[in-house]
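As structure tokens, the structure follows; a few thoughts come after it.
In the numbering used here, the protein residues as written are 2 to 147.
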């Protein structure tokens with residue numbers, strides 16, 4: 002079975018789910034699956050969709066997690082820069098430099114925290130949509146068998 006067809010079906014479901022809602026996306030996904038596959042291929046298509054969607058869930062949990070990515074390295078670097086700027090603020094001659102560096106670190110730290118929060122929420126939403134798709138496909142497989 003062509004994985005491009007399966008990937009396109011999953012992408013269509015996710016984009017429809019984001020714009021039109023669950024019921025509309027479910028009906029569009031099922032109609033797309035039945036249009037692209039003949040009667041004997043639909044079961045195989047559904048099994049492949051389930052497998053690929055579970056793979057996407059695992060990949061999203063591992064790679065899209067902002068607490069395991071480069072964002073944490075940036076956050077640790079900002080913490081080190083903040084500590085150095087506090088050290089600079091202790092000396093009278095470098096106090097202004099320390100204040101400026103500390104202010105920039107605070108601003109960029111908050112921007113990075115907002116980015117981490119957005120990425121975390123987005124990955125959570127994607128995982129939830131993929132799990133909905135797996136449930137839909139398993140329900141459709143059960144109705145095809147019985």
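All C-beta atoms in this analysis are idealised placements derived from N, C-alpha and C, irrespective of residue type, glycine included. Note that this is a predicted model, so its numbers are computed, not measured.
Residue 81 has its alpha-carbon roughly 15 Å from the corresponding atom of residue 100. If you check the CB distance, residue 47 and residue 108 do not come in under 8 Å.
Around the CB of residue 134, 16 or more other CB atoms lie within 10 Å, so the residue is classed as buried. Taking 8 Å as the cut-off, the beta carbon of residue 130 is found no closer than this to the beta carbon of residue 29. Between the alpha carbons of residue 110 and residue 127 lies a gap of roughly 26 Å. Between residue 7 and residue 50 a beta carbon distance of about 6 Å is seen, short of the 8 Å cut, so the two are scored as contacting.
Annotation for residue 112: no residue places its beta carbon closer than 7 Å to its own, counting only its chain and skipping 5 residues before and after. Here DSSP, grouped into helix, strand and coil, assigns residue 44 to helix.
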